[in-house]
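Numbering (the numbering used here), first residue to last: 5 to 441. Note that beta-carbon positions come from the ideal geometry of N, C-alpha and C, so glycine has one too. Worksheet: one structure, shown below.
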């Protein structure tokens with residue numbers, strides 16, 4: 005989680021070039037190995053595979069040219085299908101969901117397979133023109149080329165099926181949900197029965213210090229990662245307390261104060277600039293948010309899908325209901341998780357103070373916008389009340405219970421102004437009473 009390379013790795017995984025590039029390198033290596041085998045062994049020593057060398061060189065050359073031409077054509081078609089799928093996903097689910105499609109390993113492997121087969125055939129086609137002493141009879145090379153072609157044909161069938169499945173709303177929502185569940189498992193440990201008390205006296209002692217330095221953001225961008233382990237080490241070595249004013253996922257404007265360092269009498273004089281540069285070096289900025297340390301990232305993705313489904317242009321309440329189910333499952337799981345402590349101690353001394361992240365923050369991000377957008381949609385509103393009723397049975401703290409009651413009250417106030425039949429209002433009030441009683 006504190007690995008500074010995590011945002012780069014995540015960015016690489018969501019690119020179309022990385023996996024195909026690795027497969028291209030492998031195809032060149034495979035071509036070199038097969039050429040070496042055909043060059044090294046003579047036809048008399050082939051043994052069981054001598055039948056592979058009973059071919060006409062011109063026929064092999066024509067076959068390779070045909071395969072290469074077919075592969076580059078299929079590659080262009082595959083790219084076209086991918087672009088169409090990305091365009092559809094962007095318009096239906098939101099542009100931020102394109103990242104999930106681009107991270108799909110199936111699509112990356114399919115594109116890499118077509119390009120690798122094409123380049124393998126081109127390399128072998130060129131090698132057939134070698135003069136003595138590098139002239140060779142194609143055997144293993146042409147067998148591998150045929151196998152790669154057959155595999156590419158199977159891959160094409162899989163790709164068409166995969167694209168048809170990947171643009172379905174339920175599949176997209178489930179992919180985002182699974183990613184969100186994985187991020188929660190990494191970022192939030194399981195709830196422990198014993199909780200250590202907060203060091204209030206140490207916090208007060210820190211506030212009494214007069215020596216402070218402010219750390220300013222070097223440029224504007226999203227805060228993608230905070231290396232808390234390195235910051236703790238820095239604070240301990242410098243005998244200071246580092247207070248962070250932002251968390252991962254926040255947008256920071258240039259020259260904004262991102263941290264305040266509270267120096268002690270043990271802090272070396274003249275070390276302020278070094279401490280500021282080290283703090284900036286232990287944070288990673290970027291042009292967009294990432295899920296590396298941002299638990300609300302995938303929550304906002306599900307909310308965006310729900311909001312687009314509720315828009316007049318799409319009007320798909322069932323997709324919004326599916327998003328509510330997934331979001332509620334995530335919130336129910338969060339009730340059993342421990343949220344990061346605001347104050348981090350080293351040997352009983354506060355060294356790092358982080359921006360607080362609470363259950364209410366994530367739950368509000370999950371429910372507020374959908375609640376506001378679904379005022380005129382009774383089915384979605386009733387589903388939200390059902391979800392809140394389920395969540396109320398999972399709550400373990402007063403904060404979580406108060407969130408459920410607050411959301412229920414806001415829904416009640418909104419729907420009180422709406423015109424509806426007595427039966428519908430009865431259904432609504434019945435669900436509200438289940439939660440509040």
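Residue burial classification, residue 208 (beta-carbon count within 10 angstroms, cutoff 16): As a first step, residue 208 must be located in the chain shown, where it is residue number 204. Here the model assigns residue 208 a pLDDT of 49, short of 50, so the residue's position is not dependable, and the following value carries that caveat. With fewer than 16 other Cβ atoms within 10 Å, it is exposed.
Cβ pair residue 156, residue 121 closer than 9 Å: As a working mapping, residue 156 is identified with position 152 in the chain shown. As a working mapping, residue 121 is identified with position 117 in the chain shown. Yes, these two residues count as a Cβ contact at 9 Å.
Nearest candidate by alpha-carbon position, reference residue 271, set 262, 249 and 240: Position 267 of the chain shown holds residue 271. Nearest C-alpha to residue 271: 240.
Within 9 Å, strictly: CB atoms of residue 439 and residue 382: Residue numbering aside, residue 439 sits at position 435 when the chain shown is read from its first letter. Residue numbering aside, residue 382 sits at position 378 when the chain shown is read from its first letter. No; because the gap between Cβ atoms is not below 9 Å, this pair is not in contact.
Where the beta strand (DSSP E) containing residue 348 begins and where it ends: The residue given as residue 348 occupies position 344 in the chain shown. It spans 347–350 - the beta strand (DSSP E) in which residue 348 sits, taken as one unbroken run.
Residue 116 beta carbon less than 9 Å from that of residue 25: Taking the first residue of the chain shown as position 1, residue 25 is located at position 21. Taking the first residue of the chain shown as position 1, residue 116 is located at position 112. Against a cut-off of 9 Å, the Cβ pair of residue 116 and residue 25 comes out as a contact.
Same chain, Cβ closer than 7 Å to residue 118, five either side skipped, listed in chain order: To locate residue 118, count along the chain shown from 1; it is residue 114. Counting only Cβ-Cβ distances below 7 Å, and skipping sequence neighbours, we find 75, 78, 79, 82 and 156.
Inter-residue spacing [alpha-carbon to alpha-carbon] between residue 113 and residue 397: In the chain shown, residue 113 corresponds to position 109, counting from 1. In the chain shown, residue 397 corresponds to position 393, counting from 1. About 44 Å.
Simplified DSSP assignment, three categories, for residue 120: What you label residue 120 is simply residue 116 of the chain shown in a count that begins at 1. Correct three-state label for residue 120: helix.
contact_flag[the stretch 126–137, the stretch 62–71] where n(CB pairs < 8 Å) is 3 or more: yes
Where residue 140 falls, given that 16 or more other Cβ within 10 Å makes a residue buried: Within the chain shown, the letter at position 136 stands for residue 140. That one is buried.
Classification of residue 92 by the beta-carbon crowding that lies within 10 angstroms, buried from 16 upward: What you label residue 92 is simply residue 88 of the chain shown in a count that begins at 1. Exposed is the call here.
Counterpart residues of residue 354 in DSSP-defined beta bridges: Locating residue 354 in the chain shown gives position 350, counting from the first residue. Paired residue(s): 349.
Span separating the alpha-carbon of residue 251 from that of residue 276: By 1-based counting over the chain shown, the position of residue 251 is 247. By 1-based counting over the chain shown, the position of residue 276 is 272. In a straight line, the C-alpha of residue 251 is about 22 Å away from that of residue 276.
Residue 228, buried or exposed, once every other Cβ within 10 Å from all chains shown has been counted against 16: Your numbering for residue 228 matches position 224 in the chain shown. Its Cβ being crowded by 16 or more others within 10 Å, residue 228 is buried.
Contact the stretch 318–332 vs the stretch 277–296: 3+ CB pairs below 8 Å: no
Host beta strand (DSSP E) of residue 253 (start-end): Reading the chain shown from its first residue, position 249 is the one you call residue 253. It is not in any beta strand (DSSP E) - residue 253 carries neither H nor E in the DSSP assignment.
At least 3 beta-carbon pairs within less than 8 Å: the stretch 301–320 vs the stretch 262–271: no
Rounded straight-line distance, which links the Cα of residue 290 to that of residue 257: In the chain shown, the residue the question calls residue 257 occupies position 253. In the chain shown, the residue the question calls residue 290 occupies position 286. Answer to the nearest angstrom: the Cα atoms are 12 Å apart.
Boundaries (first-last residue) of the alpha helix (DSSP H) holding residue 282: Along the chain shown, read from residue 1 onward, the residue named residue 282 stands at position 278. Where residue 282 is concerned, the enclosing alpha helix (DSSP H) stretches over 276–285.
Rounded Cβ spacing between residue 188 and residue 299 (contact assumed at less than 8 Å): Residue mapping note: residue 188 aligns to position 184 of the chain shown, counting from 1. Residue mapping note: residue 299 aligns to position 295 of the chain shown, counting from 1. Right, their Cβ atoms sit about 6 Å apart.
Span separating the alpha-carbon of residue 210 from that of residue 192: Numbered from its first residue, the chain shown carries residue 210 at position 206. Numbered from its first residue, the chain shown carries residue 192 at position 188. In this prediction, residue 210 scores a pLDDT of 46, lower than 50, which makes its location untrustworthy; no coordinate-derived value is stated.
Beta bridge counterpart(s) of residue 341 as assigned by DSSP: Reading the chain shown from its first residue, position 337 is the one you call residue 341. Its beta-bridge partners are 194.
Nearest-angstrom Cα separation, counted from residue 411 out to residue 336: Taking the chain shown and counting its residues from 1, the one referred to as residue 336 is at position 332. Taking the chain shown and counting its residues from 1, the one referred to as residue 411 is at position 407. Each residue's alpha carbon lies about 15 Å from the other.
C-alpha distance - residue 356 paired with residue 248, whole-angstrom precision: What you label residue 356 is simply residue 352 of the chain shown in a count that begins at 1. What you label residue 248 is simply residue 244 of the chain shown in a count that begins at 1. Rounded to whole angstroms, residue 356 to residue 248 spans 8 Å at the Cα level.
Limits of the alpha helix (DSSP H) - the one that residue 261 falls within: As a working note, residue 261 is residue 257 in the chain shown. Per DSSP, residue 261 belongs to no alpha helix (DSSP H); it is in the beta strand (DSSP E), 261–267.
Cutoff 7 Å; reference residue 11; Cβ partners in own chain excluding five residues on either side: Locating residue 11 in the chain shown gives position 7, counting from the first residue. Taken in chain order, the residues that qualify are 228, 229, 288, 290, 294 and 296.
C-beta atoms of residue 101 and residue 176 nearer than 9 Å: Walking along the chain shown from the start, residue 101 turns up at place 97. Walking along the chain shown from the start, residue 176 turns up at place 172. In contact: residue 101 and residue 176 (Cβ atoms closer than 9 Å).
Contact under 9 Å by Cβ, residue 348 with residue 232: In the chain shown, the residue the question calls residue 348 occupies position 344. In the chain shown, the residue the question calls residue 232 occupies position 228. For residue 348 and residue 232, yes; Cβs fall inside 9 Å.
Residue environment, residue 4, which counts as buried when at least 16 other CB atoms sit within 10 Å: This structure cannot settle anything about residue 4, because the visible part of the chain is limited to 5 through 441.
Local Cβ density within 10 Å of residue 143, reported as buried at 16 or more and exposed below that: Position 139 of the chain shown, counted from the start, is the residue given in the question as residue 143. By the neighbour-count rule (16 or more Cβ atoms within 10 Å), residue 143 is buried.
Burial state of residue 242 (16 or more Cβ within 10 Å): The residue labelled residue 242 in the question sits at position 238 within the chain shown. When all chains shown are included, residue 242 counts as buried.
Contacts around residue 400, its chain only, beta-carbon distance under 6 Å, and the 5 residues preceding and following it disregarded: Position 396 of the chain shown, counted from the start, is the residue given in the question as residue 400. Excluding sequence neighbours, residue 400 sits near 339.
Boundaries (first-last residue) of the beta strand (DSSP E) holding residue 31: Residue mapping note: residue 31 aligns to position 27 of the chain shown, counting from 1. Where residue 31 is concerned, there is no enclosing beta strand (DSSP E), although the alpha helix (DSSP H) it sits in stretches over 22–44.
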